[in-house]
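Trainee: Sharing a structure, written as structure tokens. Questions coming.
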């Protein structure tokens with residue numbers, strides 16, 4: 001076997017011997033003592049291991065942990081170790097409860113793991129691995145704990161073979177340059193309790209059946225995961241869920257409301273939408289008095305809409321609630337003031353309206369942010385007297401306060417009316433004036449036409465046509481032709497018109513008197529005698 005190298009001071013080497021008494025295992029104490037002393041020699045007899053002597057038992061040595069007389073861990077913190085770790089360390093693998101250290105040379109993985117089928121714990125974090133991720137780990141069928149976090153692997157996908165680790169309960173591979181999807185085979189990890197694949201570049205969706213029954217802690221934050229969160233959740237013992245800073249969409253699974261032990265739900269900075277499920281605030285059947293045990297809820301930076309569920313009152317142990325940067329609306333529930341443990345509340349950058357419930361003033365809040373909403377009215381008196389809330393209510397145009405330190409208008413001082421009219425108001429006035437003008441013009445035109453019709457009827461009613469011979473026209477024909485186009489003369493007493501009276505082109509002359517009131521009764525009689533004389537003369541001719 002090629003030699004195993006030590007990367008730097010923080011390398012941890014764990015040797016786990018759990019269920020067989022150290023004095024009766026197949027290797028006797030002297031044999032293991034010899035192996036450990038040989039290991040010390042090959043490491044250059046470092047000062048940190050000077051307690052390792054043949055005159056004492058391993059359980060009394062530094063860097064070794066024991067429980068009930070059993071060696072459980074070998075911890076080389078490398079304060080003064082700078083040489084290569086020899087292959088002798090793996091001579092201890094004759095015990096089925098033994099683990100060996102990893103190596104900085106990825107080529108050694110296959111050879112190392114071919115003799116390590118009994119490994120139960122494999123932990124080597126904060127190292128400088130620079131090769132691809134070792135898929136050979138998937139062959140360690142007895143592995144219970146796996147920790148490869150904070151290593152510099154080349155961009156690698158998670159080996160599908162990891163799905164065969166059915167006994168695995170703990171997996172910590174944070175910040176290990178993982179790419180690609182989470183294998184569907186992870187649904188086979190039926191014993192897994194703790195999974196941490198955070199701060200990588202994983203893509204694709206979270207596989208269906210991913211929430212296996214034994215899960216209690218799940219960390220997938222700061223990846224590039226997309227799609228919906230699986231709706232079916234069988235892991236009813238989940239305590240912490242952190243899927244923040246991904247590209248997840250869809251709604252929050254209703255099954256999350258069944259998680260009675262939940263302490264942390266972090267889904268911030270995704271693209272989740274829809275209303276907050278009522279089951280999230282009330283995890284049992286309606287009417288239950290069993291509160292959820294959530295203590296921190298981070299749903300900020302999504303696209304949630306609708307109103308806050310009034311059953312939020314059931315979150316009795318909630319300490320932190322961040323729903324900022326969403327599209328939530330409606331009023332802030334008054335029952336929120338009944339959450340005795342709430343210390344941090346952020347509802348900023350939403351569409352909440354109405355007054356701030358006075359009940360919120362009963363909370364012992366260390367941080368409050370209600371800015372950038374549509375709230376109005378006076379803020380509760382309890383907040384008005386505390387200067388550290390000065391930025392809690394910004395960008396709510398209709399809020400006011402008594403304390404000037406809160407950067408809000410004073411509730412008891414009316415703002416001076418502006419001498420300058422807003423452009424919007426001026427535009428409204430202009431449109432209204434134009435509408436009134438047009439309406440008045442139309443009414444005037446209609447009134448004038450009606451006046452003309454009535455005047456014409458009135459004129460016809462005052463006219464009397466006296467004919468001294470048979471004619472084929474009436475006074476209506478005469479009146480209709482009294483226009484400027486037919487004018488042929490004008491005198492001191494009136495105007496004379498040439499009026500065509502039939503289709504043959506025959507015409508008469510008609511004189512219209514300027515003002516009939518200027519004639520007295522004598523003048524009228526003289527004029528009438530004159531007309532009769534003309535008429536008789538005409539008949540004689």
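Residue numbers (full-length UniProt numbering): 1 to 541.
By construction, the Cβ of each residue, glycine as well, lies at the ideal position given by its N, Cα and C atoms.
Going by C-alpha distance, which of 355, 248, 305 is nearest residue 274?
Mentor: 305
Trainee: With a threshold of 6 Å on Cβ separation, who are the neighbours of residue 165 within its own chain once the five nearest residues in sequence on each side are excluded?
Mentor: 143
Trainee: Note down the Cα distance separating residue 277 from residue 384, rounded to an integer number of angstroms.
Mentor: 33 Å
Trainee: Three or more beta-carbon pairs under 8 Å between the segment 424–431 and the segment 390–402, yes or no?
Mentor: The segment 424–431 is not in contact with the segment 390–402.
Trainee: Take residue 195 and list the residues in its own chain whose beta-carbon comes closer than 6 Å to its own, dropping the five residues that flank it on each side.
Mentor: 171, 218
Trainee: With a threshold of 6 Å on Cβ separation, who are the neighbours of residue 382 within its own chain once the five nearest residues in sequence on each side are excluded?
Mentor: 361.
Trainee: By the DSSP assignment, the beta strand (DSSP E) with residue 352 in it spans what residues?
Mentor: First-last of the beta strand (DSSP E) with residue 352: 351–354.
Trainee: Does DSSP put residue 367 in a helix, in a strand, or in coil?
Mentor: strand
Trainee: With respect to the alpha helix (DSSP H) encompassing residue 567, which residues constitute its N-terminal and C-terminal limits?
Mentor: Shown here, the chain extends from 1 to 541; a query on residue 567 therefore has no answer.
Trainee: When you compare only the Cα positions, how much space is there between residue 237 and residue 43?
Mentor: 45 Å
Trainee: Quick check on residue 253: buried or exposed, where buried means 16 or more other Cβ atoms within 10 Å of its Cβ?
Mentor: Taking a 10 Å sphere around the C-beta of residue 253, we find 16 or more other C-beta atoms and assign the residue as buried.
Trainee: Buried or exposed for residue 208, going by 16 or more other Cβ atoms inside 10 Å?
Mentor: Residue 208 counts as exposed, since fewer than 16 other C-beta atoms from the protein chains shown sit within 10 angstroms of its C-beta.
Trainee: Does the Cβ-Cβ distance between residue 297 and residue 322 come in under 9 Å?
Mentor: yes
Trainee: Using only alpha-carbon positions, find the residue among 411, 263, 233 that is nearest to residue 240.
Mentor: 263
Trainee: Go ahead and label residue 437 buried or exposed: buried means 16 or more other beta carbons lie within 10 angstroms of its beta carbon, across all protein chains shown.
Mentor: By the Cβ-count criterion, residue 437 is exposed, with fewer than 16 other Cβ atoms from all chains shown falling within 10 Å of its own Cβ.
Trainee: How big is the Cα-Cα spacing for residue 40 and residue 251?
Mentor: 57 Å
Trainee: Can you find the residues in the same chain that come closer than 7 Å, C-beta to C-beta, to residue 358, ignoring five residues on each side of it along the sequence?
Mentor: 380
Trainee: When the distance is taken between beta carbons, is residue 399 closer than 9 Å to residue 376?
Mentor: yes
Trainee: Tell me which residue opens and which closes the beta strand (DSSP E) that residue 249 is part of.
Mentor: 247–250
Trainee: From residue 451 to residue 409, what does the alpha carbon distance come to, in whole angstroms?
Mentor: Cα to Cα, residue 451 sits roughly 60 Å from residue 409.
Trainee: If you draw a straight line from the C-alpha of residue 269 to the C-alpha of residue 37, how long is it?
Mentor: 53 Å
Trainee: What did DSSP end up calling residue 327 once you bin it into helix, strand or coil?
Mentor: Note: residue 327 maps to strand in three-state DSSP.
Trainee: At which residue ranges does the segment 150–187 contain complete beta strand (DSSP E) runs of 3 or more residues, listed in the order of the chain?
Mentor: Counting whole runs of 3 or more residues, the segment 150–187 contains the beta strand (DSSP E) stretches 170–172, 178–180.
Trainee: Have a look at residue 351 and residue 313 and give me their C-alpha separation to the nearest angstrom.
Mentor: 21 Å
Trainee: Helix, strand or coil for residue 65? Go by DSSP, reduced to three states.
Mentor: Secondary structure at residue 65: strand, using DSSP grouped into helix, strand and coil.
Trainee: For residue 203 versus residue 223, is the C-beta spacing smaller than 9 Å?
Mentor: Residue 223 sits close to residue 203, with the two beta carbons spaced by under 9 Å.
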